[in-house]
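Q:
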Amino acid sequence: LWGTVIVSFASTIGATLAFLAARFLFRDAVKARFGMRLNAIDAGLAKEGALYLFTLRLVPVFPFFMINLAMGLTQLKTQTFYWVSQVGMLAGTMVYVNAGTQLAQLESLSGILSPGLLGSFVLLGIFPLIANKIVETIKANKIYQKWPKPARFDNNIVVIGAGSGGLVTSYIAAAVKAKVTLVEKHKMGGDCLNTGCVPSKALIRSAKLLYQVNRAKDFGIKTAAAEFDFADVMERVQAIIKTVAPHDSVQRYSGLGVNVIEGEAKIVSPWEVRVSTAGASRTISTRAIVIAAGARPLVPPIPGIDEVGYLTSDTVWALRELPKRLVVLGGGPIGCELAQSFARFGSQVTQVEMAPRLLIREDGDVSA
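Residue 58 in our numbering sits at position 55 of the sequence shown, and the numbers go up by one each step.
(1) Counting Cβ pairs, one atom from each stretch, are 3 or more of them under 8 angstroms apart for the stretch 237-256 and the stretch 327-346?
(2) Do GLY192 and ALA268 count as a contact pair if the criterion is CB distance below 8 angstroms?
(3) What is the DSSP secondary structure of SER316, counted as helix, strand or coil?
(4) Okay, do the stretch 154-168 and the stretch 288-297 touch, 3+ Cβ pairs below 8 angstroms being the bar?
(5) What is the DSSP secondary structure of VAL90, reduced to helix, strand or coil?
(6) Excluding sequence positions up to five away, which residues of its chain have a Cβ less than 7 angstroms from the Cβ of ILE224?
(7) If you run the structure through DSSP and keep just helix, strand and coil, what is ARG277?
(8) Classify ALA49: buried if its beta carbon has 16 or more other beta carbons within 10 angstroms, exposed otherwise.
(9) Report the option in GLN215, SER14, LEU72 whose CA atom is closest to the CA atom of SER344.
(10) Quick check on DSSP: helix, strand or coil for ALA358?
(11) Please confirm if the stretch 10-25 is in contact with the stretch 71-89, defined as three or more CB-CB distances below 8 angstroms between the two stretches.
(12) CB-CB under 6 angstroms to LEU206, same chain, minus the five flanking residues each way: which ones, in chain order?
(13) Buried or exposed for ALA395, please, with buried defined as at least 16 other CB atoms from any protein chain shown within 10 angstroms of its CB.
(14) Are the stretch 177-184 and the stretch 244-262 in contact at 8 angstroms, needing three or more beta carbon pairs?
(15) Using the beta-carbon count (16 or more within 10 Å), is SER284 buried or exposed?
(16) Measure from the alpha carbon of VAL8 to the alpha carbon of each residue in THR318, ARG208, MET97, ILE363, then state which is nearest.
(17) Run the CB neighbour count on PHE348, radius 10 Å, all protein chains shown included, and call it buried at 16 or more, exposed below.
(18) Give the C-beta separation of ILE146 and ARG290 to the nearest angstrom, bearing in mind that I take them to be a contact with Cβ-Cβ under 8 angstroms.
(19) Please state the DSSP three-state secondary structure of LYS245.
(20) For THR15 and PRO66, what's the separation of their Cα atoms in angstroms?
(21) In this structure, how does DSSP classify ALA181 when only helix, strand and coil are distinguished?
(22) Shortest alpha-carbon distance to TYR256 belongs to which of MET69, ALA177, THR81?
(23) Hey, quick one: how far does the alpha helix (DSSP H) through SER209 stretch, first residue to last?
(24) Candidates ALA134, LEU212, ALA219, PRO273: which alpha carbon is nearest PRO153's?
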């Protein structure tokens, strides 16, 4: 007991001395040494106050010596730093002092397998996990205290968005007999089925086939020719979407036990979602909410772009006439797929990417 008390006060006093030294003696040196990391600590302290310091003490994301120095450069009061550090480090101090005490009592190698020492090592291992769980609970309670929690729930989970993420979530939840409500305001299948994965791969397949026929000699074939109607190509894309659509349909997921609502969802509390349909609006309660609402293409604020009838990765599938010239803004996967496909069909394509290279998230060997 006394060892824990002495170590607790000694470590806190030492931390406070480092805190004061950084504040009054080594401010410039500390800034120069830890400048980038200080920004993260400053942001956390501004957002959560003393709770952020308590979190860092309980779950040491940053080394303690750096926390001591960094906190000295903030507006945090010395007495607040002291008592939060004292309380936050107490649990860890008890665990480490206990482990040290058990090691000091070893009299032979066989003592390493003693229940007391093994228990101390286990505690050392699981303490960060326990501490992290405590911190998460504290943060969650701080957020949730603004809203009353319902005594009972209509659902185990409400999923907003019926794209690939929302459908998979709903499928898994229904498979384990959870009560699931899935809300979608547009098309089942979301981006993947309607404007993303499925149509793009269908277009790529047609473009690749045409490209290979045009390069028949490279494969040892003397003559080969292909004619195409771009409208037919795009109709094939739509036909493939219709073929896949039943797998993502309301009927299928309703059959799996999912309550599918075609409407717009608005989160009104951590446990409540207001669902608006064509005829009415109602609020449903749930233990958990999954946001799988997807995103939309970013249209850059280029002067005059609204006057040229631009296309996006969502609207390009309505084309039935092959454009003679095409500028593709963006060098990510979607931009590269569309640029290559239209070029293979015969469009004069210019691709623009502000990053140093295309497919910037991929390895240099792939995207060079």
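Beta carbons are placed, not taken as given, at the ideal position from N, Cα and C, and that holds for glycine.
A: The answer reads as follows:
(1) no
(2) no
(3) coil
(4) yes
(5) helix
(6) none
(7) strand
(8) exposed
(9) GLN215
(10) coil
(11) yes
(12) VAL240, SER344
(13) No statement about residue 395 is possible, as the shown extent of the chain runs from 4 to 371 and does not include it.
(14) yes
(15) exposed
(16) MET97
(17) buried
(18) Going by Cβ atoms, the distance from ILE146 to ARG290 rounds to 16 angstroms, so no, they are not a contact pair.
(19) helix
(20) 15 angstroms
(21) coil
(22) ALA177
(23) 200-217
(24) PRO273
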